[in-house]
Structures are given as C-alpha cells and as structure tokens.
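Okay, so here's the structure we're looking at.
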Amino acid sequence: MMATPQKLIIDTDPGQDDAVAILLALASPEIDLLGITTVAGNVPLALTEVNARKICDLAGRQDMPVFAGADRPLERKLVTAEHVHGRTGLDGPDLPDPVTPLQDRHAVDFIIQTIRSEPAGRVTIAPVGPLTNIALALRKAPDIASRIKQIVMMGGGCFEGGNITPAAEFNIYVDPEAAAEVFAAGIPITMMPLDVTHKAMTTAVRTDAIRATGTRTAIAVAEMLEFFERFDEEKYGSDGGPLHDPCTVAWMIRPDMFSGRHCNVEIETQSQLTTGMTVIDWWQVSGRPHNAFVVGDLDADGFFTLITERLAKLP
Ligand code: BDR
Ligand code: CA
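When you line the sequence shown up against the working numbering, it's residues 34 to 348, in that order.
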C-alpha cells in the first residue's frame with residue numbers, strides 16, 4: 034500500500050528548471066501539492082506568476098492555486114537572470130496566455146494560513162527561488178517555524194562555488210538576508226547546492242528521451258531544456274545544463290537516489306566579495322551546530338528516468 038502523499042508547497046520563480054520541479058510534483062502520487070507561491074527572481078514577479086500558471090495549464094491542472102508573493106528581496110535591489118532563462122523567464126516553447134487563475138491572497142498569507150491549518154509537522158515547503166517569501170512568512174508568523182515539517186530547497190554551493198558570482202549561487206545571492214533568516218529558523222532543511230545540481234545534466238540523450246514520450250508536456254519540457262541549457266553549454270562546455278530545481282521534489286520521492294551529510298550552513302551577508310556565499314562546514318571543522326542536510330551527489334540516470342516516466346503521465 035502506498036504511503037500517504039506528502040503535503041507540499043512549492044515556492045518558485047519559474048524558470049525552466051522550476052517548471053520541471055512543478056510538473057514532477059503534479060505528476061507524482063507521492064506528492065500532494067497544496068499550492069504554488071511565486072517570487073521575484075529569475076525574472077520579475079509579474080512574469081514568474083504568469084509562468085507558474087502557464088505550467089499548471091500545460092499539466093491540465095487549472096485547479097491548482099497559484100499565489101503571487103514578494104516582488105523584491107528583503108533589503109536589496111532585485112537581480113534577475115534573463116541571460117539564462119530568456120526574456121519571459123520561460124523561453125523555449127510557445128505557451129499560450131494562462132487560464133489558471135491567480136489567487137487574490139498574497140503568497141505569504143497562503144503559506145502562513147496553510148501551515149497553521151494543517152496538522153503540525155505535515156507540510157513541506159520546497160523553495161526553488163530566492164527565499165524572500167519564506168523569510169517574510171517567518172517574520173510575520175514566527176509560530177509556523179515549529180509546524181513546518183521541513184524545507185527542501187535549491188540553492189548555494191560548497192566545493193562548486195557560485196554561478197552568479199565566483200562565491201554565490203543565484204537564489205541565495207538575490208536575497209542573502211532572507212536566506213540567513215531561513216537557515217537560522219530551526220526548521221529541518223535539506224539543501225540542494227550546485228554540487229549536486231551540476232551532476233544532473235540535461236544531456237542530449239536525456240532530453241531526447243523526454244521528448245520521445247510524445248506528450249505535449251514532455252515536448253514543451255524538451256523545448257524548455259534546449260533553450261535553458263545553451264547558456265551552461267557555452268559557459269561550461271558541457272553536454273546540456275544542470276537541472277537544478279527538480280532535485281528538491283525528486284529527493285522527496287526517491288531520497289535513496291541522493292547522498293549528503295548534516296552540516297552547519299551560514300550565509301554571508303556582509304562581504305562585498307562573497308555576499309550570498311553559503312559557508313558549508315562539510316568537513317565539520319567549526320563546531321557550529323548542524324542546521325541543514327546538504328546533498329552532494331545523486332544517481333543522475335535514475336533522476337532523469339524518474340522525470341521522464343512521470344512527465345509521460347501528464348497530458
Ligand atoms: C537557480 O537559479 C535559477 O536560475 C534556477 O531556476 C535555479 O533555481 C540555480 O542557481
Ligand atoms: Ca528557480
């Protein structure tokens with residue numbers, strides 16, 4: 034008998050890789066997706082909320098509640114990544130204007146009310162963009178920290194360094210103050226840094242396998258990935274690009290495909306040179322308390338097989 038599905042909120046700035054994370058959740062019986070909250074990140078909020086709704090349309094899930102959240106980081110000017118994701122944030126396939134409605138409620142209020150109304154310890158949050166909405170929810174309602182089951186987030190880097198600066202990964206760099214507050218909140222965190230996501234490469238063989246399943250969603254995803262990967266192919270000379278954000282949802286479904294260790298993680302917010310760096314005590318030299326399970330490796334073929342099989346279940 035299958036275990037009860039895990040209740041999940043995805044907090045996101047779509048983003049082609051965000052789109053795959055959402056689609057993987059929608060296609061997976063292990064996950065009960067309660068709602069999608071959007072944040073400014075890869076592109077401004079006005080685009081990320083539209084993109085999230087386009088993704089729900091693609092999956093035939095116009096019933097999925099989508100909320101708009103913070104339109105800027107806590108204290109800084111928004112930095113975006115059109116150079117990676119394209120002008121719309123979701124360049125690649127030609128997707129129509131969304132039918133899935135935008136909910137009236139603010140994303141932060143949805144997060145707070147959901148965590149308070151569901152039984153304590155039942156709801157996971159998967160932030161795959163800057164951590165602004167999560168930090169705002171914790172500021173407004175500190176009581177929710179002890180009720181959140183876990184945070185499974187994409188962000189940061191250890192030995193892999195950064196991707197937006199030499200030291201910082203994009204999601205953390207955009208709102209380091211928010212990240213620092215979230216990592217200090219005492220919530221169980223599983224972290225997918227660049228060290229693992231850079232091993233999840235969308236090689237031509239893997240993208241072709243997704244397309245070959247022939248569904249409209251799979252074909253749109255293949256088109257997204259082919260757009261998205263061109264940036265990293267040029268940058269790293271790799272076959273494909275790293276499929277960052279779906280590592281979070283895949284870990285919830287198949288944790289056996291990932292490995293990591295409990296570490297102390299602190300966020301640099303002061304230094305001009307290294308702002309947004311995740312200082313991960315992988316070698317346990319600081320004596321500081323563990324506050325995150327940091328994933329370092331995955332079974333990449335298993336990960337892409339899971340994604341391919343699940344996407345094939347969508348329209
Ligand atoms: C992260 O930044 C965004 O561009 C991606 O969607 C991912 O969440 C990778 O650094
Ligand atoms: Ca993202």
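C-beta atoms are modelled at their ideal positions from N, C-alpha and C, and glycine is treated no differently.
Residue(s) in a DSSP beta bridge with residue i
i: Q183; result: T157
i: L66; result: L41
i: V328; result: G293
i: I21; result: Look at the range of the chain in this structure, 34 to 348, and you will see that residue 21 is not part of it.
i: M234; result: P275
i: T147; result: For T147, which the question treats as bridged, DSSP gives no partner whatsoever.
i: M225; result: M187
i: T71; result: T45, A101
Residue i classed as buried or exposed, judged by whether at least 16 other C-beta atoms fall within 10 angstroms
i: S12; result: Outside the shown range of the chain (34 to 348) lies residue 12, about which nothing can therefore be said.
i: W316; result: exposed
i: R86; result: buried
i: M23; result: Since the displayed the chain opens at 34 and closes at 348, residue 23 lies outside it and no answer follows.
i: S319; result: exposed
i: E259; result: buried
i: V282; result: buried
i: L169; result: buried
i: S61; result: buried
i: H277; result: buried
i: P163; result: buried
Unbroken beta strand (DSSP E) run spanning residue i, endpoints
i: G293; result: 291 to 296
i: R138; result: 135 to 139
N-terminal and C-terminal residue of the alpha helix (DSSP H) that residue i is part of
i: I220; result: Counting along the chain, I220 falls outside any alpha helix (DSSP H), and DSSP gives it neither H nor E.
i: R321; result: Premise fails: R321 is in no alpha helix (DSSP H) and is neither H nor E.
i: F203; result: 203 to 207
i: N196; result: N196 -> no alpha helix (DSSP H), and no H or E assigned at all.
i: L344; result: 333 to 344
i: T250; result: 249 to 269
i: I177; result: No alpha helix (DSSP H) contains I177, which DSSP labels as neither H nor E.
i: D349; result: Look at the range of the chain in this structure, 34 to 348, and you will see that residue 349 is not part of it.
* To do: Say whether the stretch 205 to 219 touches the stretch 288 to 303, bearing in mind that this needs 3 or more beta-carbon pairs closer than 8 Å, one atom from each stretch.
  => yes
* Would you be able to state if there are at least three C-beta pairs under 8 Å between the stretch 223 to 242 and the stretch 309 to 325? => yes
* Asked: With contact counted as at least three CB pairs below 8 Å, one residue from each stretch, are the stretch 115 to 128 and the stretch 65 to 82 in contact?
  -> yes
* Is the stretch 191 to 199 touching the stretch 143 to 163 in the sense that three or more CB pairs, one from each, lie closer than 8 Å? -> no
* With contact counted as at least three CB pairs below 8 Å, one residue from each stretch, are the stretch 240 to 247 and the stretch 101 to 109 in contact? -> no
* Could you tell me which uninterrupted alpha helix (DSSP H) segments, each at least 4 residues in length, are contained entirely in the stretch 76 to 145, listed from first to last along the chain? => 78 to 91, 115 to 118
* Should the stretch 333 to 344 be called in touch with the stretch 244 to 264, which here means at least 3 C-beta pairs below 8 Å? -> yes
* To do: Check whether the stretch 134 to 150 touches the stretch 82 to 102, counting contact only when three or more Cβ pairs, one atom from each stretch, lie closer than 8 Å.
  => yes
* To do: Check whether the stretch 260 to 269 touches the stretch 327 to 335, counting contact only when three or more Cβ pairs, one atom from each stretch, lie closer than 8 Å.
  => no
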